[in-house]
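Peer 1:
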Amino acid sequence: MVELYETSPVGAGLPLEIGTVSVREVQTPLHLLAPYRGQAVQAAAAFNTQMGLEWPGPNELKRKGGVYALWFDHAHIAVMGATPSTRLARHAAVTDVGNGWTVLELNGAEVRDVLARLTPLDLRVKQFKIGMSQRSSLMHMQAVTSCLGKSRFRVMVFRSMTQTLLHDLTTAMESVAARAHLV
Numbered sequence: 817m818v819e820l821y822e823t824s825p826v827g828a829g830l831p832l833e834i835g836t837v838s839v840r841e842v843q844t845p846l847h848l849l850a851p852y853r854g855q856a857v858q859a860a861a862a863f864n865t866q867m868g869l870e871w872p873g874p875n876e877l878k879r880k881g882g883v884y885a886l887w888f889d890h891a892h893i894a895v896m897g898a899t900p901s902t903r904l905a906r907h908a909a910v911t912d913v914g915n916g917w918t919v920l921e922l923n924g925a926e927v928r929d930v931l932a933r934l935t936p937l938d939l940r941v942k943q944f945k946i947g948m949s950q951r952s953s954l955m956h957m958q959a960v961t962s963c964l965g966k967s968r969f970r971v972m973v974f975r976s977m978t979q980t981l982l983h984d985l986t987t988a989m990e991s992v993a994a995r996a997h998l999v
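Quick note: the sequence shown, position 153, residue 969 per my numbering, numbers continuous.
1) Identify whether SER976 lies in helix, strand or coil by the three-state DSSP scheme.
2) Please state whether DSSP places ARG933 in a helix, a strand or coil.
3) Quick one: give me the first and last residue of the alpha helix (DSSP H) that THR836 is part of.
4) Please report how far the alpha carbon of LYS942 lies from the alpha carbon of LEU934, in whole angstroms.
5) Could you check whether LEU920 and VAL971 sit closer than 8 Å to each other, using their CB atoms as the reference points?
6) Over the uninterrupted beta strand (DSSP E) stretch that includes MET957, give me the two end residues.
7) Among residues of its own chain, excluding the 5 on either side of ALA898, which ones have a beta-carbon nearer than 8 Å to its beta-carbon?
8) Hey, how far is the Cα of GLN843 from the Cα of TRP917?
9) Do ALA859 and HIS907 have their C-beta atoms closer together than 8 Å?
10) So for ALA885, helix, strand or coil by DSSP?
11) In its own chain, which residues sit with a C-beta less than 7 Å from the C-beta of TRP887, not counting the 5 before and 5 after it?
12) Could you tell me the distance, in whole angstroms, from the CA atom of GLY827 to the CA atom of SER976?
13) Going by beta carbon distance, what residues of the same chain come within less than 7 Å of MET955, once the five residues before and after it are set aside?
14) Tell me ARG928's beta-bridge partners as DSSP assigns them.
15) Among the residues of its own chain, which have a CB less than 7 Å from the CB of SER967, if the five just before and after it don't count?
16) If you follow the beta strand (DSSP E) that VAL911 is in, where does it begin and where does it stop?
17) Ordered along the chain, which non-local residues of its own chain (more than five positions away) have a Cβ less than 6 Å from that of LEU931?
The following block contains the structure:
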């Protein structure tokens, strides 16, 4: 019988550091929660009780320790860093999507400049504040971009787009570093 082994979608591409920006993969449990019709309030209350986090509103990210809850779309949220209890299933569909997504963390003084070359989001500090999370395009890929600190972001893309993301990030990082003569 063939044995299958779990492998990272980034391969040997990470960690990566160019100029002042570094990129690393974040391997974390990832679940989507979608309240059943008419159960949004109950799902949020159960989530708050179990995880100690508020249900994030549109474009919000909530954090407690290593657990992140981020707005994902219309009524869905994504939970990183912990596995929600099956008790939440009374009020919301809980789906493990960890193998379908790649999560990268970007750090560094020029991280906003790097991401600005790839996304239409307004990433200026005054506009894209700590605790914001938005679903948008990153080049031609759908992505979720979250701000964890002034110079710290998480980017999520479909696993199948990982190598494309790494290529695009590398190009943008080299461009920003070249402008600062750091390459």
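Where a beta carbon is used, it is the ideal one built from N, C-alpha and C, also for glycine.
Peer 2: Here's the rundown:
1) On the sequence shown, position 160 is the one that residue 976 refers to. It is helical.
2) Walking along the sequence shown from the start, residue 933 turns up at place 117. In the structure shown, ARG933 sits in coil (DSSP, three-state: anything other than H, G, I, E or B).
3) Stepping through the sequence shown from its first residue, residue 836 is reached at position 20. It is not in any alpha helix (DSSP H) - THR836 carries neither H nor E in the DSSP assignment.
4) Walking along the sequence shown from the start, residue 942 turns up at place 126. Walking along the sequence shown from the start, residue 934 turns up at place 118. The alpha-carbon atoms of LYS942 and LEU934 are separated by roughly 19 Å.
5) Along the sequence shown, one-based indexing puts residue 971 at 155. Along the sequence shown, one-based indexing puts residue 920 at 104. Between VAL971 and LEU920, the gap from beta carbon to beta carbon is short of 8 Å.
6) On the sequence shown, position 141 is the one that residue 957 refers to. Note, MET957: beta strand (DSSP E), 957 to 965.
7) Numbered from 1 along the sequence shown, position 82 holds the residue referred to as residue 898. Cβ neighbours of ALA898 beyond the five flanking positions: PRO845, MET867, GLY882 and VAL883.
8) Here residue 843 refers to the residue found at position 27 when the sequence shown is read from its first residue. Here residue 917 refers to the residue found at position 101 when the sequence shown is read from its first residue. The straight-line gap from Cα to Cα measures roughly 10 Å.
9) In the sequence shown, residue 859 corresponds to position 43, counting from 1. In the sequence shown, residue 907 corresponds to position 91, counting from 1. Against a cut-off of 8 Å, the Cβ pair of HIS907 and ALA859 comes out as a contact.
10) Along the sequence shown, one-based indexing puts residue 885 at 69. Here ALA885 sits in strand by DSSP.
11) Numbered from 1 along the sequence shown, position 71 holds the residue referred to as residue 887. Cβ within range, chain order: PRO872, GLY873, PRO874, ASN875, GLU876, ILE893 and SER949.
12) Within the sequence shown, numbered from 1, the residue matching residue 827 stands at position 11. Within the sequence shown, numbered from 1, the residue matching residue 976 stands at position 160. Those two C-alpha atoms are separated by around 12 Å.
13) Working through the sequence shown from its first residue, we reach residue 955 at position 139. Here the set comprises LEU934 and ASP984.
14) Residue 928 sits at position 112 when you count from the first residue of the sequence shown. For ARG928, which the question treats as bridged, DSSP gives no partner whatsoever.
15) Your numbering for residue 967 matches position 151 in the sequence shown. Cβ-Cβ distances below 7 Å link SER967 to ASN923, GLY924, ALA925 and VAL927 in the same chain, with the five nearest sequence neighbours on each side left out; the list follows chain order.
16) Taking the first residue of the sequence shown as position 1, residue 911 is located at position 95. At residue 911 the sequence reads Thr, which differs from the Val that was named. Segment 908 to 912, the beta strand (DSSP E) holding THR911.
17) Here residue 931 is taken as the residue at index 115 of the sequence shown, counted from 1. LEU939.
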